[in-house]
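Chemist:
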Amino acid sequence: MIAIYPGSFDPVTLGHVDIIKRALSLTDVLIVAVLKNSSKNALFTVEERISHLELLTKDMPNVKVDSFSGLLVDFAQKHNAKFIIRGLRALTDFEFEFQMALTNRELNSDIETILIPTSLQYLYISSRVVKEVAHFGGDISTMVHPAIYDDVKKKTEQS
Ligand code: PNS
Numbered sequence: 077m078i079a080i081y082p083g084s085f086d087p088v089t090l091g092h093v094d095i096i097k098r099a100l101s102l103t104d105v106l107i108v109a110v111l112k113n114s115s116k117n118a119l120f121t122v123e124e125r126i127s128h129l130e131l132l133t134k135d136m137p138n139v140k141v142d143s144f145s146g147l148l149v150d151f152a153q154k155h156n157a158k159f160i161i162r163g164l165r166a167l168t169d170f171e172f173e174f175q176m177a178l179t180n181r182e183l184n185s186d187i188e189t190i191l192i193p194t195s196l197q198y199l200y201i202s203s204r205v206v207k208e209v210a211h212f213g214g215d216i217s218t219m220v221h222p223a224i225y226d227d228v229k230k231k232t233e234q235s
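Residue numbers (this note's numbering): 77 to 235.
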């Protein structure tokens, strides 16, 4: 079985890594797919985000990192993926995730969305929060992996 875990991952947080690990117990292969979206004001380039994800998943042989543009369901179908994985934090995520899941089902009913609740310790983390805290010189060591900590700090200080 193949599943896709899509997102912006700008940058990848410990919350994302937690979802990747949880998803691996549900699928044989997990494709982490970074959205190539020129309209979004991204901090890291797609290539940088891919290299962060590859670094953090290098000991997970069943994880592949890729990027996509266009519709997620088309990317999923192209890779024979039957499932889309998304993490769920608080109730505030639910509306967007539910709408996205139903839209994707409308577009391709063969692909099911699985929403995985985050671990409690990562409930408050988002890429946006990481960027904001780092930009103002705050400590993000509980939010991002040590392997990418310096990179995130450096880039946010420049932004
Ligand atoms: O990490 P994000 O920004 O919440 O991820 C959002 C993402 C990439 C999953 C979503 O924007 C997406 O799938 N975009 C691709 C376009 C698409 O398929 N849209 C239809 C579903 S709403």
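Backbone N, C-alpha and C define an ideal beta-carbon position, used for all residues, glycine too.
Bear in mind the structure is a predicted one, so any value in this text is a computation, not a measurement.
1) Classify I201 as helix, strand or coil using the three-state DSSP reduction.
2) Count the other CB atoms, across all protein chains shown, that sit within 10 Å of the CB of K230; report buried if there are 16 or more and exposed otherwise.
3) Give the list of continuous alpha helix (DSSP H) stretches no shorter than 4 residues that lie fully inside the stretch 208-234.
4) By the 10 Å Cβ neighbour count, where 16 or more other Cβ atoms means buried, how is D86 classified, buried or exposed?
5) Using C-beta distances below 8 Å, list every residue in its chain close to T89, excluding the 5 sequence neighbours before and after it, in chain order.
6) Using DSSP bridges, identify the partner residues of L147.
7) Out of H155, L164 and N117, state which residue places its alpha-carbon closest to the alpha-carbon of V108.
8) Drop a sphere of 10 angstroms on the beta-carbon of S235, count the other beta-carbons inside from all chains shown, and report buried for 16 or more, exposed for fewer.
9) Start and end of the beta strand (DSSP E) containing R162?
10) For the structure I just gave you, are there three or more beta carbon pairs, one from the stretch 125-140 and one from the stretch 163-171, closer than 8 Å?
11) Going by the beta-carbon positions, is the gap between I192 and A152 smaller than 8 Å?
12) Check whether the Cβ atoms of T194 and D94 lie closer than 8 Å to each other.
13) Tell me where the alpha helix (DSSP H) around I96 begins and ends.
14) Roughly how many whole angstroms lie between the Cα atoms of S145 and I126?
15) Applying the 10 Å Cβ sphere with the 16-neighbour rule, what's the burial state of S84?
Modeler: In this structure, then:
1) coil
2) exposed
3) 222-234
4) buried
5) Y198, I201, S202, S203, V206, M219 and V220
6) BP columns for L147 are empty, so no partner.
7) H155
8) exposed
9) F159 to L164
10) no
11) no
12) yes
13) L90 to L100
14) 14 Å
15) buried
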